[in-house]
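Here is the structure we will look at.
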Amino acid sequence: MLSDVDPEIAALIQAESARQSSKLRMIASENDVSAAVLEATGSVLTNKYSEGYPGKRYYEGQQVIDQVEQLAVDRARALFGVDHANVQPLSGAPANLAVYLAFLSPGDTVMGMSLPMGGHLTHGWSVSATGRWFHAVQYDVRKDTGVVDLDEVRSLALAERPKVIFCGGTAIPRTIDFPGFASIAAEVGAVLVADIAHIAGLVAGGAHPSPVGHAPVITTTTHKTLRGPRGAMILTDAEHAKAVDRAVFPGLQGGPHNHTTAAIAVALHEAAQPEFREYAHTVVANAKALAVALLERGFDLVSGGTDNHLVLIDLTSKAIGGKPAARALDQAGIELNYNAVPFDPRKPFDPSGIRLGTPAITTRGLRPDQMPLVAEWIDRAIAAAGNAPALDRIAAEVSDLLTSL
Ligand code: DSN
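Numbering (this note's numbering), first residue to last: 162 to 566.
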């Protein structure tokens with residue numbers, strides 16, 4: 162037993178479990194995995210080295226591991242309807258790096274959405290290796306709408322002729338126009354990479370359009386809306402499969418984390434069930450209901466609302482920064498992250514916004530009719546920043562609701 166061998170870590174795990182249960186967990190990139198996913202993650206598969214791919218390994222003893230990885234690959238292919246799946250990337254950033262290794266050389270041009278506009282570090286942002294080692298050009302959202310303008314993306318692509326174009330990101334509240342990006346990529350001869358880390362579960366559950374058939378390469382983490390363990394996958398068409406596999410191994414990684422691969426397989430199995438479709442649609446319904454309730458309370462939402470699982474609030478009109486607001490909300494039992502908003506005049510470590518999402522609270526059992534109450538708590542907590550007794554009172558109400566579920 163862990164508690165006998167290492168009581169300190171056992172107690173910390175217990176404390177984190179209690180903390181997670183007592184909070185309304187609204188970090189848009191997090192979720193609550195099933196007991197089955199946890200069990201696979203904590204299995205003896207962690208003991209095994211298996212560089213290579215099923216049937217082609219550099220270590221003996223792969224009789225079982227090959228079957229595990231093949232199941233994960235087959236389930237990913239079936240769930241997303243793709244020719245090929247690589248389930249070995251250790252997480253989202255390594256998955257995206259594998260794409261660079263597969264299709265670019267240092268100094269080549271890559272195009273992605275800039276981080277402060279909702280993109281990801283690995284889509285070419287300056288402090289990332291992807292922005293330092295490649296010629297990265299970045300597109301923004303429009304100031305008046307808060308959404309990507311494909312005409313601007315097209316002009317930039319025609320001027321810069323990137324070899325790879327990324328679409329997707331970390332703070333995009335609206336539907337990604339995969340066919341629109343695909344037509345720009347085709348025009349400039351770029352490989353379109355759809356990073357669907359945030360929305361993979363929505364795509365799998367039919368609650369967001371799929372990039373399949375538009376983007377020949379798709380990267381995703383497995384632990385956000387997809388509700389699996391911390392890991393990643395790269396899904397491709399037949400043409401791009403070999404380059405991606407070689408880039409992941411031996412290009413970038415050594416032995417895959419087989420316990421994670423097994424847990425990904427479990428999550429993919431769960432995501433193929435009818436209940437998961439209902440889950441994905443409820444995630445979106447919750448986010449939309451929350452957005453409406455926040456708008457009614459005078460909050461300023463980037464793009465005016467949401468089509469997916471996340472809401473990005475610009476707190477400028479509430480005269481509070483994102484960081485103190487996020488701290489107050491945490492004290493009030495609502496966990497989320499401070500976040501830059503497009504054209505943010507403040508610094509990334511003290512930005513103007515907060516980002517919130519509904520994947521974990523939907524798993525927990527919350528439904529759209531409860532979102533006005535969540536919006537009320539958010540409103541009250543932000544107004545009560547610095548007032549510990551008021552924040553504690555909200556935390557008690559949050560706890561009462563969570564206990565009643
Ligand atoms: N850290 C992830 C997120 O919160 O969106 C992106 O990598």
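Every residue, glycine too, gets a C-beta built ideally from N, C-alpha and C.
Check whether the Cβ atoms of residue i and residue j lie closer than 8 Å to each other.
| i | j | result |
| --- | --- | --- |
| V463 | P503 | yes |
| G242 | A358 | no |
| V354 | T380 | yes |
| V378 | S371 | no |
| G392 | L251 | yes |
| V325 | V260 | yes |
| L258 | L471 | no |
| G459 | G483 | no |
| L490 | A542 | yes |
| R238 | A426 | no |
| F327 | H284 | yes |
| N247 | M394 | yes |
| P390 | T270 | no |
| L473 | I539 | no |
| L429 | A233 | yes |
Quick one: measure Cβ to Cβ for residue i and residue j, integer angstroms, because I've assumed they're closer than 8 Å.
| i | j | result |
| --- | --- | --- |
| D305 | M278 | Wrong, their Cβ atoms sit about 14 Å apart, outside the cutoff. |
| G367 | A441 | 7 Å |
| N447 | M532 | 6 Å |
Whole angstroms are fine: how far does the CA of residue j sit from the CA of residue i?
| i | j | result |
| --- | --- | --- |
| N548 | I555 | 11 Å |
| P529 | V453 | 11 Å |
| L317 | I226 | 45 Å |
| L387 | P168 | 32 Å |
| A536 | L451 | 6 Å |
| S626 | H384 | Nothing can be reported for residue 626, as the shown portion of the chain is limited to 162 through 566. |
| Q299 | A172 | 45 Å |
| G222 | P417 | 15 Å |
| Q175 | E457 | 39 Å |
| A571 | A486 | What the structure shows of the chain is the stretch from 162 to 566, and residue 571 is not part of that stretch, so it cannot be assessed. |
| S565 | A320 | 57 Å |
| D561 | S183 | 9 Å |
| A545 | L534 | 16 Å |
| R335 | R516 | 14 Å |
| L396 | A480 | 43 Å |
| S204 | V198 | 10 Å |
| P255 | L282 | 12 Å |
| I345 | G465 | 26 Å |
| D312 | G362 | 29 Å |
Can you name, in chain order, every residue of its own chain whose Cβ lies under 6 Å from the Cβ of residue i, other than the five neighbours on each side?
| i | result |
| --- | --- |
| L206 | N419, H420 and A423 |
| R322 | V349 |
| A501 | P277, P509 and P512 |
| P215 | D227, E230 and Q231 |
| D461 | D475 and S478 |
| G280 | G273, M274 and G330 |
| A263 | A404, V405 and A408 |
| D398 | D244 and P377 |
| I333 | G279 |
| Q249 | V409 and P417 |
With a CB to CB cut of under 7 Å and the five nearest residues on each side skipped, what residues in its chain are close to residue i?
| i | result |
| --- | --- |
| Y220 | Y210, S211 and E212 |
| W294 | P267 |
| I188 | E496, L497, N498 and G518 |
Tell me which residues share the same chain as residue i and place their Cβ nearer than 8 Å to its Cβ, disregarding the 5 neighbours each side in the sequence.
| i | result |
| --- | --- |
| H375 | F339, P340, F342, A343, L353 and A355 |
| D193 | Q181, R186, R388, A521, T524 and R525 |
ask   = So which residues touch the region around the ligand DSN, with touch meaning a C-beta under 5 Å from any heavy atom?
value = S190 and T331
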